[in-house]
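Engineer: For what it's worth, the working numbering labels the leading residue of the sequence shown as 868, then goes sequentially.
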Amino acid sequence: MLLLLLLLLLLLLLLLLLLLLLLLLLLLLLLLLLLLLLPLLLLLLLLLLLLLLLLLLLLPLLLLLLLLLVLLPPPPPPPPPPPRLLCYYYYYYYYYFYYYFYC
């Protein structure tokens, strides 16, 4: 009976040791994966920082452009169309195609 109990305890200990080894292996694998992914994460972070820097550099330029658009006077209105009287004048005194040419 005592021998059986000892054997059971030994088996339990062995199982525990195996479990611990498995856990250690899993942890090692996770660490390896993290080390493999670390350069990728660092590259992503660097790209994000570069984008932020570019945005910070372009922001004053965009603000200046907006300010210029607000402060500049509006464009002048288009010139009024020429009077139709001139067309009739050409039509009346010159050849017929001058009407189409000048209007």
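All residues carry an ideal CB built from backbone N, CA and C; glycine is no exception.
In three-state terms, what does DSSP make of Val-937?
Structural biologist: helix
Engineer: At what residue ranges does the segment 868-933 contain a whole run of the beta strand (DSSP E), taking only runs of 3 or more?
Structural biologist: none
Engineer: Run the CB neighbour count on Tyr-959, radius 10 Å, all protein chains shown included, and call it buried at 16 or more, exposed below.
Structural biologist: Model confidence at Tyr-959 stands at a pLDDT of 49, short of 50, so the residue's coordinates are unreliable; what they give is reported in the following sentence. Of the other Cβ atoms in all chains shown, fewer than 16 fall within 10 Å of the Cβ of Tyr-959; this residue is therefore exposed.
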